[in-house]
Amino acid sequence: MKAKAQLVLVSFVVICLFGCQYNGVHSTSSQPDLTILEKGRQDPSSYGYLTLNNGLKVLLISDMQQRKAYGSLSAAAGYFQDPNDIPGLAHLYEHMLSKGSINYPQAAEYKAFLAASGGSSNASTSGQRTNYYFQVNQQAFAPALARFAGQFIAPLLPAELVYKERHAVEAEFRMKYRDNYRRKREVLRTLVNQAHPYRKFSTGNLQTLKDVPNLSLHQALVDFGKDYYCAERMGATLMAPLSLAEMAKLAKQAFSAVPSHCAKPLAHLPAPFSQNQITKQLAIKTLRSRNRLMLSFPLALPEHARKMLASDYLEWLFDAANTQGLEAYLQQLGAISHLRASQQTIDNQHILFNLEFRLTKQGSQQIAQIKAATLSYLELIRQQGASMSLFNQFARLQRADYDRDSKHLGSSRVRALADQTLFRAPQYILLDGRVATENNVSLLAAWLQQLSGARMLQIREHKSLRTDQIEPIYQTRYQVSDRDVLTSGDAGLAASELASIPRGTMTLPGSSPYFARANPISAETPDSPTRLLDTAAHTALYIPAVKSKDGYLAMDFYFDSNPAKPDFALLNPLFVKRLNHQLRTVIRHAHEALIDLKLTATKQGMKLSVAGYGGNWPLLMADITQVLTHPSLNESDRRLTLKYFKANLDGFAYDRLSSQTLYRLNSALGLSVVHEDRQDYFAHFNEQAYDEFVSGYLQTAHLTSLYYGAVTEQLWRSNNHTLQPLLSKVIEPATAHSAIWTPPHHALMEQVYSANGGDSAIRLMYIPTTNTPRSDAMIAMAGALARAPFFHQLRTIEQLGYSVKARALTKYGQDYLGFYVQSDKLNSAQLLARVEEFNGWFSDHVAHLSEEEFNQVKANLVSELQQPYINNESASGTLVYNYRYGRDADYQQQLLQALAQMSLASFEQQVNALLQSQPSGLLLDPKPTHQP
466 MKAKAQLVLV SFVVICLFGC QYNGVHSTSS QPDLTILEKG RQDPSSYGYL TLNNGLKVLL
526 ISDMQQRKAY GSLSAAAGYF QDPNDIPGLA HLYEHMLSKG SINYPQAAEY KAFLAASGGS
586 SNASTSGQRT NYYFQVNQQA FAPALARFAG QFIAPLLPAE LVYKERHAVE AEFRMKYRDN
646 YRRKREVLRT LVNQAHPYRK FSTGNLQTLK DVPNLSLHQA LVDFGKDYYC AERMGATLMA
706 PLSLAEMAKL AKQAFSAVPS HCAKPLAHLP APFSQNQITK QLAIKTLRSR NRLMLSFPLA
766 LPEHARKMLA SDYLEWLFDA ANTQGLEAYL QQLGAISHLR ASQQTIDNQH ILFNLEFRLT
826 KQGSQQIAQI KAATLSYLEL IRQQGASMSL FNQFARLQRA DYDRDSKHLG SSRVRALADQ
886 TLFRAPQYIL LDGRVATENN VSLLAAWLQQ LSGARMLQIR EHKSLRTDQI EPIYQTRYQV
946 SDRDVLTSGD AGLAASELAS IPRGTMTLPG SSPYFARANP ISAETPDSPT RLLDTAAHTA
1006 LYIPAVKSKD GYLAMDFYFD SNPAKPDFAL LNPLFVKRLN HQLRTVIRHA HEALIDLKLT
1066 ATKQGMKLSV AGYGGNWPLL MADITQVLTH PSLNESDRRL TLKYFKANLD GFAYDRLSSQ
1126 TLYRLNSALG LSVVHEDRQD YFAHFNEQAY DEFVSGYLQT AHLTSLYYGA VTEQLWRSNN
1186 HTLQPLLSKV IEPATAHSAI WTPPHHALME QVYSANGGDS AIRLMYIPTT NTPRSDAMIA
1246 MAGALARAPF FHQLRTIEQL GYSVKARALT KYGQDYLGFY VQSDKLNSAQ LLARVEEFNG
1306 WFSDHVAHLS EEEFNQVKAN LVSELQQPYI NNESASGTLV YNYRYGRDAD YQQQLLQALA
1366 QMSLASFEQQ VNALLQSQPS GLLLDPKPTH QP
């Protein structure tokens, strides 16, 4: 009887998984052309879809809780459409589209309007689409949308700016020149079918973006727009605190004039790889210390596989925590430390399914065993992966994640939905990539048969590999050779390689022990911050949720040790890294149960964050506490974690300059260890000293537990009991160390040199003399006013570099006005002088602001500051941050009140005093040839 009941339940679940959620789209009687889309159970938005008379498809999202309005449009034109002799043209077109239209001809008008209305914009180009996006204060949505749509109706593409904007593309190319992903991708493209456009160089630079015989670059841009930008090949998404009917009216007004009928059809795409190309192996010489093996499987992705989330399912089969899976087997073999599965889009019908193995030193000699084990696991997937019960386990997790999600959408989701509006049928727009809408095990089984050793690329990465070619764009050294084709049997396995793998050695994953129903919503939780516990060693505080009915909870645990201990700042990051390694199975199981789990290092110790809409919290906390109470790794794992920790330090020189300058500035301010000191310390690392550090870590300590949202009394009391073994290690409660950073009394300016040459950069901090809601309001206002003109002057007009930023920032509880500029045209001293010149202009600009303009910026800023509080995920992070850095529980209200009371005259006085003060900062230049 019990078995029969379970069968009925499973049948019901399957029916609901694949039938209940996506067939119910319907039109409204008042708006017959508007289709209403069904959504997740806790989704706070309403969705409508319409197709305009010109063929442009629009998704409308009505959300009355939003503080801003958003618009995004994706066009089915990308670098696949680049002329062969002008690589990067689609990317340059993306840059140029915002430089004026017939109705708004001024090149800077669009971005200036957005900035004045508390908004911003961005765009991105990929192979088969280019996406454009803006956000703005809700009151300015209609005029912002008119300007946005004008770019697609009649863009000007001014010739005088085309050749100048090439330098912005060049600066973007230079900034990402050392990125490992881009360098590897460009080498991989050498194996792609020459007739397939994925082979093209997508970014462009000064060498590729130029006039060609009989065609100027400007005319090429004009032709590109006529050829490929038309309404039928566009999908837009609009989101605002308006009704669907109001938004439908705005969409029709804005986009109905977008021209139809592109001049050129989209070319048919050939197969990206031939059989000869997918039996190659690549050896890539890396800049950083990397020892990787990647096995890549070219897969077709037809419509039924997309609806089943087949590639996501395959990724889950590899990435799920599994003590008898492929990763665990290879770790026991001593060949790898980590395995990561991922998908790489080639075109809308093909992907590369990638398995990246982080090799040990021993693993470099075990490539054959790794391949054999991988192909054996793939054979297991082909045999058992199409199991209804296993697939339903995956599908239930996806559906639960979709139905539990109560977030108000943000910019990234709006942009993704524009892509889905362009490419997907209306009933699949919201579900695409999130919920399996089809379940056909026969089709799934057939799709999985593509995974074969006979269709596998092999890519090795290391600094010391032998190479004989140079990729021309990024100058990466590599070698291509033929791989031994494994053809024994249908599975494509060589018997000699499989001899060492006993049958039954590996199994497919099971379910997570931490998955549970949604959190109960208790009426007993306090409605104001409440101290739950306050002892010498442990403080616990409850913070009420901004949305109390969605079941979300977050638990943050700050373990503060004694940062004054010798070498604490050096050893603490390694300790937390090793704890993460020890927790890796727990973290994966938590992820599979839709729980966010992170352990990060802090200045005082470490922070454990646990959050989600449901879970087996007692079991999860018990497993975490067990690891934290008994931190230990075997000798092999100790060596591995130390090796990768040191490799990250050695790779610092290849980080982006924005990351390097941030770290070096923190070092100069005493907030982190000087990089060279880190390298020297770990070059002479002593495990005995580390063990002494770990054994005494909690002897002098204090735990702060911060609970947010749907946390019941039973749960936090259970946690207190679970944490007792950890707290029992505390011999002397730590003296309270303020987490707030106190800036130096005198400004500090550090000059450093980059050994790798390249660009110069500056990073500046203008810090107020007080740290109060009043000073924070002034900083926020200064950032809101300076952000757009600083970018426009130094990036758009002067083209000093790609990365140009002025904004209000915070560092360990201290707000400040920050500037960052990276340039290949000026050295750091010249950049510093240019910022000082801007500050003079900015003071004059503030002096000429009208009261109306000032109050409008304030109103926009209020909306921006309120935005994080519409979702529990972002609100919990903000409120926990405020508590951690000594801010009052009502800090947000104090900040908004300070803004409301701020007069133009008082702001002018405060911001002038700020900009006339000496900033702290860092100046970076390429190392001179005579520099030792």
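Numbers given in the working numbering equal positions in the sequence shown, counted from 1, plus 465.
Glycine residues also receive a C-beta, built at the ideal position from the N, C-alpha and C atoms.
These numbers were taken from a predicted model, which means no experiment stands behind them.
So for residue 609, helix, strand or coil by DSSP?
On the sequence shown, position 144 is the one that residue 609 refers to. Reduced to three states, the DSSP call for residue 609 is helix.
* Would DSSP call residue 1211 helix, strand or coil? -> For the purposes of this step, residue 1211 is taken as the residue at position 746 of the sequence shown. Residue state for residue 1211 is assigned as coil, using DSSP reduced to three classes.
At 3 residues or longer, and completely inside the region 778-812: list those beta strand (DSSP E) runs for me, N to C. Runs of the beta strand (DSSP E) inside the region 778-812: 801-812.
Output the boundary residues of the beta strand (DSSP E) element that contains residue 746.
As a position in the sequence shown, residue 746 is number 281, starting the count at 1. Its beta strand (DSSP E) spans residues 745-750.
Note down, in chain order, each residue of its chain lying with its Cβ closer than 8 Å to the Cβ of residue 931, except the 5 sequence neighbours on either side. Walking along the sequence shown from the start, residue 931 turns up at place 466. The answer, listed in chain order, is 748 and 944.
Residue 677, buried or exposed, once every other Cβ within 10 Å from all chains shown has been counted against 16: Working through the sequence shown from its first residue, we reach residue 677 at position 212. Classification for residue 677: exposed.
*What are the boundary residues of the alpha helix (DSSP H) that includes residue 1140?*
On the sequence shown, residue 1140 is found 675 positions in, with the first residue counted as 1. Per DSSP, residue 1140 belongs to the alpha helix (DSSP H) from 1140-1148.
Starting from residue 1117, trace the beta strand (DSSP E) in both directions and tell me its first and last residue.
The residue given as residue 1117 occupies position 652 in the sequence shown. Per DSSP, residue 1117 belongs to no beta strand (DSSP E) and is neither H nor E.
inquiry  = Here's a check: name, in chain order, each residue in its chain whose Cβ is nearer than 7 Å to the Cβ of residue 611, leaving out the five neighbours to either side.
reply    = As a position in the sequence shown, residue 611 is number 146, starting the count at 1. Same-chain partners within the cutoff: 719.
* To do: Sort 882, 1308 and 1357 by Cα distance to residue 1331 and report the nearest one.
  => For this step, residue 1331 is matched to residue 866 along the sequence shown. For the residues 882, 1308 and 1357, the minimum Cα distance to residue 1331 belongs to 1357.
Suppose the cutoff is 7 Å on Cβ atoms and the five residues either side in sequence are ignored; what does the same chain contact list for residue 648 look like?
By 1-based counting over the sequence shown, the position of residue 648 is 183. Around residue 648: 939 and 941.
Problem - CA nearest to the CA of residue 860, picked from 822, 882, 773 and 1154 - result: For the purposes of this step, residue 860 is identified with residue 395 of the sequence shown, where counting begins at 1. Among 822, 882, 773 and 1154, the Cα nearest to that of residue 860 belongs to 773.
message: Can you tell me whether residue 487 is helix, strand or coil according to DSSP?
response: Numbered from its first residue, the sequence shown carries residue 487 at position 22. Because residue 487 sits at a pLDDT of 45, beneath the cut-off of 50, its placement in the model cannot be relied upon, and the following sentence gives the value as read from the coordinates. DSSP places residue 487 in coil when its eight states are reduced to three.
Below 8 Å CB to CB, which residues in the same chain sit around residue 1187 once its five sequence neighbours on both sides are set aside? Taking the sequence shown and counting its residues from 1, one reaches residue 1187 at position 722. The residues are 1083, 1086, 1087 and 1090.
Rounded separation between residue 1248 and residue 771 - CA only: Reading the sequence shown from its first residue, position 783 is the one you call residue 1248. Reading the sequence shown from its first residue, position 306 is the one you call residue 771. Their Cα atoms are separated by approximately 44 Å.
query = Cα-Cα, which of 1342, 1300, 1046 and 1349 is closest to residue 1075?
reply = Sequence index remark: in the sequence shown, residue 1075 carries index 610 (1-based). It is 1342 whose Cα lies nearest to the Cα of residue 1075.
Problem set entry | Whole-angstrom distance between residue 1244 and residue 1229, CA atom to CA atom | In the sequence shown, counting from the first residue as 1, residue 1229 sits at position 764. In the sequence shown, counting from the first residue as 1, residue 1244 sits at position 779. Those two C-alpha atoms are separated by around 14 Å.
Discussion item. Using a Cβ-based criterion (distance less than 7 Å to any ligand heavy atom), does residue 809 qualify as near the ligand HEM?
Written reply: The ligand HEM is not among the ligands present in this structure, which contains no ligands whatsoever.
>> Would residue 850 and residue 764 qualify as a contact pair, given that the criterion is a beta-carbon distance under 8 Å?
In response: Taking the sequence shown and counting its residues from 1, the one referred to as residue 850 is at position 385. Taking the sequence shown and counting its residues from 1, the one referred to as residue 764 is at position 299. Not closer than 8 Å, so no.
query: residue 1283 and residue 1274: beta carbons closer than 8 Å?
result: Position 818 of the sequence shown, counted from the start, is the residue given in the question as residue 1283. Position 809 of the sequence shown, counted from the start, is the residue given in the question as residue 1274. Result yes, Cβ atoms of residue 1283 and residue 1274 sit closer than 8 Å.
* Asked: Given residue 1231, which residues of its chain have a CB within under 7 Å of its CB, disregarding the five upstream and five downstream residues?
  -> The residue you call residue 1231 lines up with position 766 of the sequence shown. Within the same chain, residue 1231 has close Cβ partners 1281, 1282, 1379, 1380, 1382 and 1384.
- DSSP state of residue 921, grouped into three classes? In the sequence shown, counting from the first residue as 1, residue 921 sits at position 456. For residue 921, the secondary structure class from DSSP, reduced to helix, strand or coil, is coil.
With a cut-off of 8 Å, do at least 3 Cβ pairs link the region 1051-1061 to the region 1179-1193?
no
If you draw a straight line from the C-alpha of residue 527 to the C-alpha of residue 776, how long is it? The residue labelled residue 527 in the question sits at position 62 within the sequence shown. The residue labelled residue 776 in the question sits at position 311 within the sequence shown. Their backbone Cα atoms lie some 31 Å apart in a straight line.
Practice task
Can you grab the Cα-Cα spacing for the pair residue 734 / residue 661, in whole Å?
Solution key: By one-based count along the sequence shown, residue 734 stands at place 269. By one-based count along the sequence shown, residue 661 stands at place 196. Cα to Cα, residue 734 sits roughly 6 Å from residue 661.
Practice task
Would you mind reading off the limits of the alpha helix (DSSP H) that contains residue 1056?
Solution key: The residue labelled residue 1056 in the question sits at position 591 within the sequence shown. Per DSSP, residue 1056 belongs to the alpha helix (DSSP H) from 1049-1057.
Beta-ladder partner(s) of residue 1071, from DSSP: Translated into the one-based positions of the sequence shown, residue 1071 becomes position 606. BP columns for residue 1071 point to 1024 and 1066.
With a threshold of 7 Å on Cβ separation, who are the neighbours of residue 713 within its own chain once the five nearest residues in sequence on each side are excluded? The residue you call residue 713 lines up with position 248 of the sequence shown. Contacts found: 496, 499, 513, 515 and 525.
State the Cα-Cα distance for the pair residue 1225 and residue 599, rounded to the nearest angstrom.
Taking the first residue of the sequence shown as position 1, residue 1225 is located at position 760. Taking the first residue of the sequence shown as position 1, residue 599 is located at position 134. Those two C-alpha atoms are separated by around 30 Å.
In whole angstroms, give me the CA-to-CA distance for residue 1055 and residue 1191. The residue you call residue 1055 lines up with position 590 of the sequence shown. The residue you call residue 1191 lines up with position 726 of the sequence shown. Those two C-alpha atoms are separated by around 21 Å.
Among 971, 1016, 999 and 996, the one whose alpha carbon lies nearest that of residue 985
As a working note, residue 985 is residue 520 in the sequence shown. With distances taken between Cα atoms, residue 985 lies closest to 1016.
How long is the line joining the alpha carbons of residue 808 and residue 787, rounded to whole angstroms?
Taking the first residue of the sequence shown as 1, we reach residue 808 at position 343. Taking the first residue of the sequence shown as 1, we reach residue 787 at position 322. Approximately 20 Å, taken between the alpha carbons.
message: Quick check on this structure: which residue in 758, 505, 753 and 1112 has the alpha carbon closest to the alpha carbon of residue 893?
response: Along the sequence shown, read from residue 1 onward, the residue named residue 893 stands at position 428. Closest by alpha carbon: 505.
Buried versus exposed call for residue 751 [16 or more other C-beta atoms within 10 Å across all chains shown]: As a working mapping, residue 751 is identified with position 286 in the sequence shown. Buried: at least 16 other Cβ atoms inside 10 Å.
Exercise. Are the beta-carbon atoms belonging to residue 584 and residue 602 less than 8 Å from one another?
Worked result: Numbered from 1 along the sequence shown, position 119 holds the residue referred to as residue 584. Numbered from 1 along the sequence shown, position 137 holds the residue referred to as residue 602. Yes, the pair counts as a contact, with Cβ atoms nearer than the cut-off.
Rounded separation between residue 1285 and residue 1120 - CA only:
Locating residue 1285 in the sequence shown gives position 820, counting from the first residue. Locating residue 1120 in the sequence shown gives position 655, counting from the first residue. About 16 Å.
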